[in-house]
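S.K.:
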Amino acid sequence: KLGGGDDEKAVQGSHFSNNFQIAYQASSASELAFLEYLDREIAPDHGITIEPVGIEDGNQLDQATADGEYIANIYQHKHWLKQVIDATGMELTALGPVFQWSYSMYSSKHDSIDDLPEGAEIALLNDPANTAQALWILERAGKITFQDGVDPWAATENDIEDNIGGYEFTYMEYGAGPRTLDSVDAVIDYNMSFVDAGTPDEYRIYEPDAPREFAGQLVIGTEYVDDPQVEKLEEIFFDVRVQEYLATNDDPNLSGQLAPVSAE
Amino acid sequence: MIEISGLTKTYGPTPVLDGIDLTVGDAQIAAVVGPSGAGKSTLARCINLLERPTSGSITVAGQDLAGLSGGSLRRARRQIGTVFQSANLLRRLTAAQNIALPMRHQGLRDAEVRSRVADLLERVGMLHRANHYPSQLSGGQRQRIGIARSLALQPSVLLSDEATSGLDPDATRAILDLLTGLRDDLGVTILVITHEMDVVRGIADVVAQLDHGRIVEQGSVADVVRRSDSPLSRALLPMPAAPVAGDLRTWELRYTEDEVSPAWLSRVSRELGDVAVLAALVEESGGVPVGRLTVGLDPLLDERRVTQVLAAVGLAAEPGPARVDDARPATAGRTESAA
Amino acid sequence: MIEISGLTKTYGPTPVLDGIDLTVGDAQIAAVVGPSGAGKSTLARCINLLERPTSGSITVAGQDLAGLSGGSLRRARRQIGTVFQSANLLRRLTAAQNIALPMRHQGLRDAEVRSRVADLLERVGMLHRANHYPSQLSGGQRQRIGIARSLALQPSVLLSDEATSGLDPDATRAILDLLTGLRDDLGVTILVITHEMDVVRGIADVVAQLDHGRIVEQGSVADVVRRSDSPLSRALLPMPAAPVAGDLRTWELRYTEDEVSPAWLSRVSRELGDVAVLAALVEESGGVPVGRLTVGLDPLLDERRVTQVLAAVGLAAEPGPARVDDARPATAGRTESAA
Amino acid sequence: MTSLLATPWADVDDLLVPALGETVRMVGIVMAIVVLLGGPLGLLIFNTSPLGLTPHRAVHVSISWVANLGRSLPFLVLMAAIIPVTKLVFGTTIGFKAAIIPMSVAGIAFFARLTENAVREVPRELVDVGLATGATRWQIMRGIQLREALPGLVAGFTLNLVAMIEYSAIAGAIGSGGVGYLAVNYGYRRFDDHIMIACIVVLIAMVQAIQFSGDRAVRALTH
Amino acid sequence: MTSLLATPWADVDDLLVPALGETVRMVGIVMAIVVLLGGPLGLLIFNTSPLGLTPHRAVHVSISWVANLGRSLPFLVLMAAIIPVTKLVFGTTIGFKAAIIPMSVAGIAFFARLTENAVREVPRELVDVGLATGATRWQIMRGIQLREALPGLVAGFTLNLVAMIEYSAIAGAIGSGGVGYLAVNYGYRRFDDHIMIACIVVLIAMVQAIQFSGDRAVRALTH
Ligand SMILES: Nc1ncnc2c1ncn2[C@@H]1O[C@H](COP(=O)(O)OP(=O)(O)OP(=O)(O)O)[C@@H](O)[C@H]1O
Ligand SMILES: Nc1ncnc2c1ncn2[C@@H]1O[C@H](COP(=O)(O)OP(=O)(O)OP(=O)(O)O)[C@@H](O)[C@H]1O
Ligand SMILES: [Mg+2]
Ligand SMILES: [Mg+2]
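Same order as they appear, the protein sequences are chains A, B, C, D and E.
The first sequence begins at 6 in this note's numbering and counts up one residue at a time.
The second sequence begins at 405 in this note's numbering and counts up one residue at a time.
The third sequence begins at 405 in this note's numbering and counts up one residue at a time.
The fourth sequence begins at 532 in this note's numbering and counts up one residue at a time.
The fifth sequence begins at 532 in this note's numbering and counts up one residue at a time.
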């Protein structure tokens, strides 16, 4: 059942009902598992049910959130969000980070990032935020440097000053990562894709801590910032039990894919 | 009433019709004959404006079709029935549905359509194939459905382009009876394009011969048949093949008067001696006897006398030779084998 | 040589051909006539195996086509030229290319193809339209290209389905000359389907009449024309329309002997008095004179004597009435107006 | 690469059955719109062309141009470009309803061309029959051109229907669901082999059934 | 909605020109394969059908089934399913080369149906001419069926060509590049309006030009 909050019986004084429709990126099993956890363990304490709504197209998902069709979404980090807002003028507000996606380098040919040969071909996700995040990982690993004044959260290949490893970059669609593994020297992609694809853990050759910069945000339409139901939303998502669960759970759909928000 | 004047039609540089003047009176049947490619079908297509004339004017029942458009053009066209040279039946409709189509388009009531269709199917002898699709019909059957369809809207003018070409003599006669009936009882004006000269003799009031886009001869059928050496006249009443005459001298005879006594042959025998009838086509056409014969006479007879005696009974006579296949047409193939 | 025996073809429940037995000898022209829908085209399509017979056998030049397949079937078919009832020209090829197609498929050299195509175009009088597409040709022109194409592979057997139906008399004669030439000079065996009885009389050696899928009559043309009251005989040599005879008694006469003196009319006049020739069709067909006449005689003459006198000169006589349009065919339409 | 996380076979139905329903509903509604608008558009394109009933260069060029627009853009881009319209009509840019407009636009453009191609094959002489009997343009188009082109139109419809299933998979990105989307999302992105296999089987069966019925209909209509 | 992140107009060329080259090369190669294999496949499907030259139920059903496979799956799923083949042939599963196989498979299946539909419109009597004159099956197919269906085939080719541009945009997912992909990725995903506008203009112009040339060719071939 899709559609806006006004389809439901809205709570007095609010745009939303007690059934919170939360949009997530449909191909992410871990985001769904996370929302199901909230619905099961946290939301009942507030008299709320959480209904996850999977939408694959991030742009459409944000648009619908801004329009108040869903009370919130949880698929993007703040840099992506900024970019969306800058580009489209959508009125969205981030309430704060909720979890982090593990983002790693995988290879079926080489055993560690240092073993990558000169001129290695590395596949990156083709959307800007994920490209930037991958380059940022390489920069932190000391494999490339950025030009002065570049915002690392929006960096592209053109912003590289020194490509120390002499890497060649190839771009791929979200979902192609594990399938591309055999065709390139290394792939930088979300762990959840590889977990889904059943890629052996030993192919994960470089696994930096997920930076807080790229934590997944709880995003709502700016118009609804003062909505009474949004208060409840925050209470649920920022409940202390949540971060602990993310650190300790053994749900195969969640563990190793979504991590607690890190300090830095 | 069809009045055509100065009609010219060209495809690119070549004129296909070149200054046609032709009038067909009310309740008349006009036949248009002429060699293949002469422009007969094009003429018919110009009359119902399927082709737009390059120049000249055509009026049908007093209306100049080229000046009409939209609804009035459609109304005018409904008054003109057309039998196409190649039946042109809709492939996805049965025989009956093909006949019904123009009526349905005109918005006739269902019951009316059904009864007219049944009537038309019967007239063309096709009731037993009413529900066959064109692909399940023989060539002649298709043609008959095309004829029935052309009459669906009870037109006051009928253009019939080789309607009977693929039909057997009995079916042809039935169709010709149908056409003469339309003319006589309903005053329908009919333009018949045909290659069958017996059809022309059988039903046409007037005839026009087209060649290379021009009318080379025209007139009432009775006149043309009895006029002298004109090619159309010979074509209309062709001389049958005659055997060689032995030691006799061959003569070609032609009825020229309206009142030729049928007993002329017996009478002429009494004056000229034995008349050997080598070939003959004698019949009644348009209420008068017409005929063409090849006869053999005593070679010693005086030419002038022969001519006079025959003229006295109403026949023109010319000395032979008269073997038909000596008069080869321009388009003739040689009789040798295909190389 | 075409030998057909026990040929049956059904579409669903309805038999279209029903036990046909027919033999056409080498270098013979056989005509198949019969009403529209009788099964003539189906017969032709069975001979070259475009339709598979339901039962019965057909051999062409000693080969049973139904028993062949692949290459040998193709070789056999190349020996059989076919003129289709509706020319069936390829729409994307010019007239010349249509004629060339079978030769190209057979792999003839370019120069050979070009010269044969030019020759065939000339034979059918179509050189001037060589590069026209079918849509730019008249009906008769298309038909002539179809005829030329059927001869492209110099077949030893030719199936001609109403090849001359849409042609004017001159073009028809040219085509018939072409066909007889093929028979006489190259020994081609020809099956002609036609509705034109003068075509049958003009070129056919034997004739078969098909009706409702059965052969109802067959024989040599000369025999059939002179045989008594058979419908085929009447159809082959139709009696022209005759005027009413006044106070004379009408008689229908028919040539029955091979040797009828052409002067019989003069002689009979001497014995029976004036013979009024009301209608006549007399000609030479297959080397012998054939004829049918309606004459008026003195009503007081003794019937037996008239018969005897005429029999003596080689004619059968029957008392009239003989107005042709009294003998309506089964499929006739009524002459009343379209309702 | 066999996924460890594949949906258990027993649960596959729970996803597949509603998705199948969504596909049928979505494609069904879209095809109705496509036929209703794309057919006439195709007729118009053909009949204003030099080969048509009422040639008219300006009109032909412009509507042909418009119809090409619907096929010029990658479907994802088309969906984005159409968002304002979608929002205006349905008030939402997400889900089943939102998918219908871009799918219809692409489908109409496609079916218009298929219709044009089918109608072009109707022999000109049959149109002449309509003209000679004084039928209106509309009667000629409906009673002669469309009817005679019926087998070709049905074949085109079949082709279009299958293409719409493909588009519905892309439209899944805006939450409209459907089997194609399930295959892309669960099967392709999430490596859920069970769902993937089930979807593929259903899709193949569906396309096979459509093509089979289409072929039969075409044959039945060909006399 | 003007993007702050748009590529400067002056630099648009640097992305667009190579992308255009990629599209032309990719679609060009694919169409060559599609015509070479899809055409004969379509001929075979038609001629083994009950309306064809040599009806053969078993063969017809099986090749028709195989051809349907290529159209049954959403293109993204088809690409994934075909990866083993792609890998075997080209040793890689990404980039320009890898896109060619799945695009060809989908294109062949599509063109086979278009060919079948075009050939079905050739009047049976013309095939009879070939049979009666002793032409081989191959000669009949080539010299009669294909030649007579030429306008329909060209129209189908045009349709197929445009569809392949759409597919090339999806094939961008495995890094094959092209204008369609540029539009999706830079234009749509990255909100780069300049690139988006440039791509849309190029795509529209391309499709327009294809359709225009196709229509002219069809008319030139129709006598
Ligand atoms: N596919 C079919 N299904 C059913 N009946 C058919 C089919 N094809 C032909 N017929 C019928 O078979 C009969 C013979 O057809 P055929 O074409 O052989 O006639 P024909 O003697 O050549 O006639 P015509 O002189 O009019 O050309 C016709 O009555 C026709 O209706
Ligand atoms: N589209 C065209 N382009 C060029 N020439 C054409 C075109 N259409 C017809 N013609 C020519 O016009 C002439 C007249 O054709 P039309 O069909 O009127 O002849 P017709 O007298 O009906 O002949 P037939 O008795 O063979 O039917 C023919 O020589 C034909 O080749
Ligand atoms: Mg004509
Ligand atoms: Mg026939």
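Glycine included, C-beta positions come from ideal geometry on N, C-alpha and C.
Only a predicted model underlies this, so the values are computations on that prediction, with no experimental measurement involved.
In the DSSP assignment, what are the bridge partners of residue 659 of chain B?
M.R.: Start at 1 with the first residue of the second sequence, and residue 659 of chain B comes out as number 255. Note: residue 659 of chain B sits in a beta bridge opposite B:719.
S.K.: Just checking: is the beta-carbon of residue 486 of chain C within a distance shorter than 9 Å of some beta-carbon in chain G?
M.R.: Going by chain labels, chain G is absent from the structure shown, which instead holds the protein chains A, B, C, D and E.
S.K.: Apart from the five residues on each side of it in sequence, which residues of its chain come closer than 7 Å, Cβ to Cβ, to residue 679 of chain D?
M.R.: Working through the fourth sequence from its first residue, we reach residue 679 of chain D at position 148. Excluding residues within five positions, the ones whose Cβ falls inside 7 Å are 653 and 657.
S.K.: Determine the closest residue to residue 651 of chain B out of B:534, B:680 and B:662, with distance taken between C-alpha atoms.
M.R.: On the second sequence, position 247 is the one that residue 651 of chain B refers to. The shortest Cα separation from residue 651 of chain B among B:534, B:680 and B:662 belongs to B:680.
S.K.: Hey, is residue 624 of chain E's beta-carbon within less than 9 Å of any beta-carbon in chain A?
M.R.: Along the fifth sequence, read from residue 1 onward, the residue named residue 624 of chain E stands at position 93. Residue 624 of chain E counts as touching chain A.
S.K.: Give a yes or no on whether 9 Å exceeds the smallest Cβ distance from residue 697 of chain E to chain D.
M.R.: For the purposes of this step, residue 697 of chain E is taken as the residue at position 166 of the fifth sequence. Yes - at least one Cβ of chain D is within 9 Å of the one on residue 697 of chain E.
S.K.: Which residue wins for smallest C-alpha separation from residue 196 of chain A, given the options A:187, A:188, A:161 and A:211?
M.R.: By 1-based counting over the first sequence, the position of residue 196 of chain A is 191. Comparing Cα-Cα distances from residue 196 of chain A to each of A:187, A:188, A:161 and A:211, the minimum goes to A:211.
S.K.: Return yes when the C-beta of residue 614 of chain B is under 8 Å from any heavy atom of ligand 6, and no when it is not.
M.R.: With respect to ligand 6, the structure offers nothing, as its ligand set consists of ligand 1, ligand 2, ligand 3 and ligand 4.
S.K.: Let me know if residue 546 of chain C comes out buried or exposed under the rule of 16 or more other beta-carbons within 10 Å of its beta-carbon.
M.R.: The residue given as residue 546 of chain C occupies position 142 in the third sequence. Counting Cβ neighbours within 10 Å, residue 546 of chain C comes out buried, since at least 16 surround it.
S.K.: What in chain D is Cβ-close to residue 537 of chain B, meaning under 9 Å?
M.R.: Working through the second sequence from its first residue, we reach residue 537 of chain B at position 133. Neighbours of residue 537 of chain B on chain D, chain order: 754.
S.K.: In the structure shown, what three-state DSSP assignment does residue 719 of chain E receive?
M.R.: In the fifth sequence, the residue the question calls residue 719 of chain E occupies position 188. It is helical.
S.K.: Should residue 540 of chain D be labelled buried (16 or more other beta-carbon atoms within 10 Å of its own) or exposed?
M.R.: Here residue 540 of chain D corresponds to residue number 9 of the fourth sequence, with the count starting at 1. Exposed: under 16 other Cβ atoms inside 10 Å.
S.K.: Specify the secondary structure class of residue 734 of chain C as computed by DSSP and reduced to three states.
M.R.: In the third sequence, residue 734 of chain C corresponds to position 330, counting from 1. Note that residue 734 of chain C scores 36 on pLDDT, short of 50, meaning its location in the model is unreliable; the coordinates nonetheless yield the value given after this. In the structure shown, residue 734 of chain C sits in coil (DSSP, three-state: anything other than H, G, I, E or B).
S.K.: Using a Cβ-Cβ cutoff of less than 7 Å, which residues in the same chain neighbour residue 632 of chain E once the five nearest sequence positions on both sides are dropped?
M.R.: For the purposes of this step, residue 632 of chain E is taken as residue 101 along the fifth sequence, with counting starting at 1. Result list for residue 632 of chain E: 613, 616, 617 and 620, in chain order.
S.K.: Residue 567 of chain C CB to nearest chain B CB: under 9 Å?
M.R.: Taking the first residue of the third sequence as position 1, residue 567 of chain C is located at position 163. So, not an interface residue.
S.K.: If we ignore side chains and look at the alpha-carbon of each, how far apart do residue 702 of chain E and residue 183 of chain A end up?
M.R.: Position 171 of the fifth sequence, counting from 1, holds the residue named residue 702 of chain E. Position 178 of the first sequence, counting from 1, holds the residue named residue 183 of chain A. Straight-line Cα distance between these residues: approximately 17 Å.
S.K.: Here's a check: name, in chain order, each residue in its chain whose Cβ is nearer than 8 Å to the Cβ of residue 587 of chain E, leaving out the five neighbours to either side.
M.R.: If you number the fifth sequence from 1, residue 587 of chain E lands on position 56. 579, listed in sequence order.
S.K.: Which residues in chain C sit within 9 Å of residue 739 of chain E, going by Cβ to Cβ distance?
M.R.: The count along the fifth sequence starts at 1 and reaches residue 739 of chain E at position 208. Those do not exist, as residue 739 of chain E stays about 27 Å from chain C at its closest Cβ, beyond 9 Å.
S.K.: Could you check which residue in A:226, A:234 and A:260 has the C-alpha nearest to that of residue 69 of chain A?
M.R.: Taking the first residue of the first sequence as 1, we reach residue 69 of chain A at position 64. The residue with the shortest Cα to Cα distance from residue 69 of chain A is A:226.
S.K.: Kindly indicate which three-state DSSP category residue 93 of chain A falls into: helix, strand or coil?
M.R.: On the first sequence, position 88 is the one that residue 93 of chain A refers to. Note: residue 93 of chain A maps to helix in three-state DSSP.
S.K.: Please tell me whether residue 517 of chain C has its Cβ less than 9 Å away from any Cβ of chain B.
M.R.: Numbered from its first residue, the third sequence carries residue 517 of chain C at position 113. Residue 517 of chain C does not count as touching chain B.
S.K.: Report buried or exposed for residue 421 of chain C, applying the criterion of at least 16 other Cβ atoms within 10 angstroms of its Cβ.
M.R.: In the third sequence, the residue the question calls residue 421 of chain C occupies position 17. The residue is buried, with at least 16 neighbouring Cβ atoms inside 10 Å.
S.K.: Which runs of the alpha helix (DSSP H) spanning at least 4 residues fall entirely within the stretch 84-150 of chain A, listed in chain order?
M.R.: Counting only runs of 4 or more, we get 133-145.
S.K.: Here's a check: name, in chain order, each residue in its chain whose Cβ is nearer than 7 Å to the Cβ of residue 260 of chain A, leaving out the five neighbours to either side.
M.R.: Locating residue 260 of chain A in the first sequence gives position 255, where the first residue counts as 1. For residue 260 of chain A, where only same-chain residues beyond five positions count, the Cβ hits under 7 Å are 254.
S.K.: Hey, does residue 457 of chain B have any beta-carbon neighbour from chain D nearer than 9 Å?
M.R.: Here residue 457 of chain B refers to the residue found at position 53 when the second sequence is read from its first residue. Not an interface residue.
S.K.: Compute every distance between the C-beta of residue 527 of chain C and the non-hydrogen atoms of ligand 2, then say whether any falls below 8 Å.
M.R.: Position 123 of the third sequence, counting from 1, holds the residue named residue 527 of chain C. Residue 527 of chain C: no, Cβ never under 8 Å from ligand 2.
S.K.: Check the Cβ of residue 722 of chain E against every Cβ in chain A and list those closer than 9 Å, keeping chain order.
M.R.: The residue given as residue 722 of chain E occupies position 191 in the fifth sequence. Those are 64, 88, 89, 91, 92, 93 and 133, listed as they occur along chain A.
S.K.: Could you give the distance in angstroms between the alpha-carbon of residue 720 of chain C and the alpha-carbon of residue 687 of chain C?
M.R.: One-based indexing of the third sequence puts residue 720 of chain C at position 316. One-based indexing of the third sequence puts residue 687 of chain C at position 283. One C-alpha to the other measures close to 16 Å.
S.K.: Considering only their Cβ atoms, is the gap separating residue 556 of chain C from residue 498 of chain C smaller than 9 Å?
M.R.: Taking the first residue of the third sequence as 1, we reach residue 498 of chain C at position 94. Taking the first residue of the third sequence as 1, we reach residue 556 of chain C at position 152. Taking 9 Å as the Cβ cut-off, residue 498 of chain C and residue 556 of chain C do not qualify as a contacting pair.
S.K.: For ligand 4, list every residue whose C-beta falls under 7 Å from any of its heavy atoms, going in chain order.
M.R.: Going by the Cβ distance cut-off, the answer is B:542, B:543, B:544, C:444, C:445, C:489, C:565, C:566 and C:597.
S.K.: Please check if any C-beta of chain B sits within less than 9 Å of the C-beta of residue 685 of chain D.
M.R.: Counted from its first residue, the fourth sequence places residue 685 of chain D at position 154. No, no contact with chain B.
S.K.: Quick check: is any heavy atom of ligand 2 less than 8 Å from the C-beta of residue 547 of chain B?
M.R.: Numbered from 1 along the second sequence, position 143 holds the residue referred to as residue 547 of chain B. Because no heavy atom of ligand 2 lies under 8 Å away, the Cβ of residue 547 of chain B does not count as near it: no.
S.K.: For residue 434 of chain C, which residues from the same chain have a beta carbon less than 6 Å from its beta carbon, with the 5 sequence-adjacent residues on both sides left out?
M.R.: The residue you call residue 434 of chain C lines up with position 30 of the third sequence. Correct list, in chain order: 428, 595 and 610.
S.K.: What I want to know is whether the C-beta of residue 439 of chain B ends up closer than 8 Å to one or more non-hydrogen atoms of ligand 2.
M.R.: In the second sequence, residue 439 of chain B corresponds to position 35, counting from 1. The answer is yes for residue 439 of chain B.
S.K.: Going by beta-carbon coordinates alone, are residue 104 of chain A and residue 265 of chain A separated by less than 9 Å?
M.R.: Counting from one through the first sequence, the residue named residue 104 of chain A turns up at place 99. Counting from one through the first sequence, the residue named residue 265 of chain A turns up at place 260. Yes, these two residues count as a Cβ contact at 9 Å.
S.K.: On the three-state DSSP scale, how would you describe residue 74 of chain A?
M.R.: The count along the first sequence starts at 1 and reaches residue 74 of chain A at position 69. Residue state, collapsed to three classes: coil.
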